[in-house]
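Heads up: the structure comes next, in structure tokens.
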Amino acid sequence: MEPSRAAEPAEFLTGRRKFHLFGLTIDECIKVFFGGNAVVSVVVLALITIFLFKEGFGFFGLNQQSLRVYRQAGLEYVDIIRAQQDDHTALTRYLSDLRLRQFNYFTQQQHLAPAEANQRLAGFDEFADRFGGAVGPIRGLVSDLTETVTAIKDKFTNTENRKEERRQLLAEGRTADAAKVEITAVDFAAELKPLLATRPAYVEANAEFARQLSAVIASAPAMPIPDLQARMDRFKQLTGEYLAGFPAVEQKLKTWDYTRPVPWYQTVTSFILGRDWVTASFWQDWYGVIPLFIGSLMVSVVALFFAVPLGVGAAIYINQIATPLEQKLIKPAIEFISAFPSVVLGFFGVAVLGQALRALSQQPSLAWVPGFPFSERLNILTAGCLLALLAVPTIFTLAEDALNNVPRSFKEASFALGANRLQTIVKIIMPASLSGIISAVLLGLGRVIGETMVVLLCAGNRIAIPDFTAGLAVITQPVHTMTGIIAQEMGEVVRGSIHYRALFVVGLVLFFLSLLINYVAQRIVRRYRISIG
Amino acid sequence: MAALVNPHIFQTRPSAARRWERACFGLFGAATYLVLFCGAAVFLTIVAKGSRTIFKAEAPFINTTFFTDAPESLYVFEWQGKKLEMGDREHRAFIEQHPDAAKVKTESYIYAAGGIFPCIVGTVLLVVGSMTIALVLGVCAAVYLNEYARDGAFIRFVRLAILNLAGVPSIVFGLFGFGMFVIFFGWNVSLLSGWFTLAFMVLPVIITASEESLKAVPKGFREGSLALGATKWQTIRKNVLPYALPGILTSSILGIARVAGETAPIMFTAAYVVRDKLPWQVEKFSDFFFQGVMALPYHIYVVSSKIPQNEYTERVQYGTALVFLLIVAVIATASILLRNNLRNRYKW
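As they're listed, the protein sequences go chains A and B. Here the numbering used here runs 376 ahead of the position in the first sequence, where the first position is 1. Here the numbering used here runs 89 ahead of the position in the second sequence, where the first position is 1.
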């Protein structure tokens, strides 16, 4: 046998030479192509993270600078005094509430004519006027100082704009023009001198203010009934506390120092813990996510409050109780509800549901419901009801799957032991599928919290933390949400501005929130799955 | 009465447990029907009020101008004792004829006249483009995951990514599309940006649906083909995909409903509030991809939030909502019916 023959491959093993591309056979190329498509999902997820970070991360630097200017230009100083003034305003509101209660007492309980009731209240009015007027000197001071510090801030903003202009000119290579741009650095120490010079005047005004308030309080009129008298005593007590806080304010102003650095973490905490979202204001912009987060949370809680019993109840009914015909008809119908576009539901809320709920709330027979009657057509309740309708199909479908996965033998064993159907459902099937049901509820929550159009159209869009002192009635107040604020303000902001970046950070919060909800849902399913063996 | 006195021995007697059972089942049933009732209430309200816009009493019974015209402002004024309502163009022609009409006190409502043709066109374009992208990416990814991939850390990672992608809120996709396509790639507000944003949003739905269909093809099909000497790709092409394709397509229809129904992702990436030109009225071909379009969901948002609610604006609001709801509903119903049909078709 010749050795060369043996080295050659047998003819039947390979008909023709294999085509190679980058060292891969065709089949391998195809595999790589398909694999590449599978990686897209990972890439997209990574890109989302990257781009949200890329656009949003600059926010923290800009916000820190904004906070620094807030301090250096003396805005912070003025806000300390302003807070004092605002507390006084809150007290006067308490007084006017007290007046209203007295007026109602006179007209409704004693059946006096309104004119007569007003006459009876003349003494009280004089008292309230004197109380309200006492703040005069402080108010004057604040408005003067406001002008001073706004001027300083404007000057600083101007300088920054000039710097930006020069930077642009330099970038375009126009050095000569750039040299012409005049930049005068703002000397904060010199600018703040007149502001700090008002300290003695403030101390004086404050002393006068305190003296007047004490005098007014001492001459408080007596109330007609003990209930109102108790409120008056409470008012006196509050005013006493307010007065006791004065030295602290003075101390704060005395130690206030514009050179104190703004720590780096403050830019993060002012976003995460900030209670104000104020934009495009002449004074100071605040980017605090708390009111938006609470808004989103409240709407979701209301939505789940309705959606969980309905969704899980419907799932149990369809899976365990309903006749085959019902099953066949109702399942697709509920799936059909899930196809309702959210913007149509939002429109329905604006056009129909808001009005209907308000009309319902004004029925005298329903006055016992907390928060009823309400006057705001668009509020947490309206948005929550519509979101519940969106969440029900999600919860229903997933919960029904979970119930379906419970082995038949569980049910049969329960029946064999003499349990009736209800006992079987409550004691056997529900606990066995609980992990699936909980994860269904969580995924429903994810759906609701990420929903945009319904809350944008129906939640009322008032950026404020709802007043929780109202108890359950809080659900009839309007709120703004994280998703809503992005949709509403993104179209109007300047690209690259602090506001624009703040919206991206809100998006980042939403993104990680949804990942967290997803993760927890998966964990629950995996951890508490009943092993069927 | 007789039955109570002398009951049959096997007749179930009313007991507390049974009453409880009855009551609880009643509650579960009530929950189910309440959900259905709410869904029906929303649907029927919009159908009832919207059908006044899209149908009319005389032949051809359908308000064709609502489907073929662009939105325009509505002018309402009194003229010689009669109340007249006119669209923008009609009103201008009227003023040319009767110059006095210009002086009459006229109320105008933006977008309240004309039709929604450009919005329908824009939505169709968005859906077609984004579904093409999503189907190509999604089906290929599913083929890889189901046919090629072996279980390992990488595949688990891919699956985790898909699962998480499905939970990301649509507005976050909008932000991402805005940051990446509109700004970073410089595509501005355009069809292309909208296509990719929507495609990525719907990708998890398509992948999951495709994988399920591929899984439904019996293993024997593949083994038989491989045993006859076919390569892997030949097996997939000839013996797996043809049987999985109907399932993939029907399940993907639900993805279409999702793409058509979403507003938030296209708000900053593809949708214009108003645009005079139709998408094909472009100077050069490439401009086609880089133009923004009007879209039905965004138009609904605009007409329900930016203009007041009254009898004149109501028509266009409900009309648009109904048309949109019907489009999405038809797509969704088709998908549900086809899927149920398909389940019974192949039995292996």
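We put the beta carbon where it would ideally sit given N, CA and C, even for glycine.
Practice task
Just the chain A side, please: which residues come within less than 7 Å of Y233(B) by C-beta, in chain order?
Solution key: F410, G411, N413 and A414
Problem - At least 3 beta-carbon pairs within less than 8 Å: the segment 279-294 of chain B vs the segment 315-329 of chain B - result: no
Practice task
Give the single residue among W640(A), A759(A), A778(A) and A510(A) whose Cα lies nearest to the Cα of R902(A).
Solution key: A778(A)
Practice task
Quick one: residues in its chain with C-beta nearer than 7 Å to the C-beta of I862(A), no 5 flanking neighbours on either side, listed in chain order?
Solution key: L879, V882 and G883
Problem - Nearest to V579(A) (by Cα), restricted to the options I514(A), R506(A) and I670(A) - result: I514(A)
Practice task
Flag this pair as touching only if the segment 692-703 of chain A and the segment 743-762 of chain A have three or more C-beta atom pairs under 8 Å; answer yes or no.
Solution key: no
Practice task
Compare the C-beta of Y401(B) with all C-beta atoms of chain A and state if any pair is closer than 8 Å.
Solution key: no
Exercise for the section: Quick one: which residues of the segment 157-181 of chain B get their C-beta closer than 8 Å to a C-beta of chain A? List them in chain order. Expected result: none
Problem - Check whether M269(B) and L423(A) have beta carbons under 8 Å apart - result: yes
Practice task
Drop a sphere of 10 angstroms on the beta-carbon of H388(B), count the other beta-carbons inside from all chains shown, and report buried for 16 or more, exposed for fewer.
Solution key: buried
Problem - Residues in the segment 389-422 of chain B having any Cβ partner in chain A nearer than 7 Å - result: I389, Y390, S393, S394, Q398, Q406, A410, F413, L414, V417, A418, A421 and T422
Problem - alpha helix (DSSP H) segments (min. 4 residues) lying fully within the segment 198-280 of chain B - result: 206-232, 242-256 and 259-266
Exercise for the section: Mind reading off the beta-carbon distance from S259(B) to E351(B)? Whole number of angstroms is fine, and I expect it under 8 Å. Expected result: 5 Å
Exercise for the section: Give the residues of chain A in contact with C208(B), contact being defined as C-beta atoms less than 8 Å apart. Expected result: Neighbours of C208(B) on chain A: none; closest Cβ ~12 Å, over 8 Å.
Exercise for the section: Quick one: grab the DSSP three-state call for M383(B). Expected result: coil
Handout entry: Which of helix, strand or coil DSSP assigns to S657(A)
Key = coil
Exercise for the section: Starting from the beta carbon of S417(A), find every residue of chain B whose beta carbon is closer than 8 Å, and list them in chain order. Expected result: A230, V247, A250, I251, L254, L292, P293 and I296
Problem - Minimum length 4: unbroken alpha helix (DSSP H) runs contained in the segment 850-882 of chain A - result: 858-865
Handout entry: Below-8 Å beta-carbon distance, L754(A) vs any chain B residue
Key = no
Problem - Listed by chain order, chain B residues near P685(A) by CB distance under 7 Å - result: A120
Handout entry: Distance between L733(A) and W744(A) (C-alpha atoms, nearest Å)
Key = 15 Å
Handout entry: The beta strand (DSSP E) enclosing K172(B), as first and last residue numbers
Key = K171 to G176
Handout entry: Min CB distance W109(B) to chain A below 8 Å
Key = yes
Problem - Span of the beta strand (DSSP E), counted from its first residue to its last, around E147(B) - result: Counting along the chain, E147(B) falls outside any beta strand (DSSP E), and DSSP gives it neither H nor E.
Problem - Cβ pair count under 8 Å reaching 3, the segment 454-469 of chain A against the segment 528-537 of chain A - result: no
Exercise for the section: List the residues of chain B that S890(A) touches, going by C-beta distances under 9 Å, in chain order. Expected result: N253, G256, V257, P258 and V261
Practice task
Taking the CB atoms as reference points, tell me whether V228(B) and T195(B) lie closer together than 8 Å.
Solution key: no
Handout entry: Proximity of S890(A) and V348(B) at Cβ, strictly below 8 Å
Key = no
Problem - Helix, strand or coil at S380(A) according to DSSP, with G and I counted as helix - result: Here S380(A) scores only 49 on pLDDT, less than 50, and its place in the model is too uncertain to base an answer on.
Handout entry: Within 8 Å, strictly: CB atoms of A816(A) and L765(A)
Key = no
Problem - Per-residue contacts from G128(B) into chain A (C-beta, under 8 Å) - result: A709, I710, F712, I713, F716 and L765
Problem - Per-residue contacts from I425(B) into chain A (C-beta, under 8 Å) - result: P708, E711 and F712
Problem - Contact belief for F410(A) with Y198(B) at Cβ below 8 Å, rounded distance in angstroms - result: 54 Å between Cβ atoms; not a contact.
Handout entry: Length of the line joining the Cα atoms of M599(A) and L123(B)
Key = 52 Å
Practice task
Would you identify the three-state DSSP class for T635(A), choosing helix, strand or coil?
Solution key: coil
Practice task
Report the rounded CA-to-CA distance for K787(A) versus I805(A), giving the unit in angstroms.
Solution key: 7 Å
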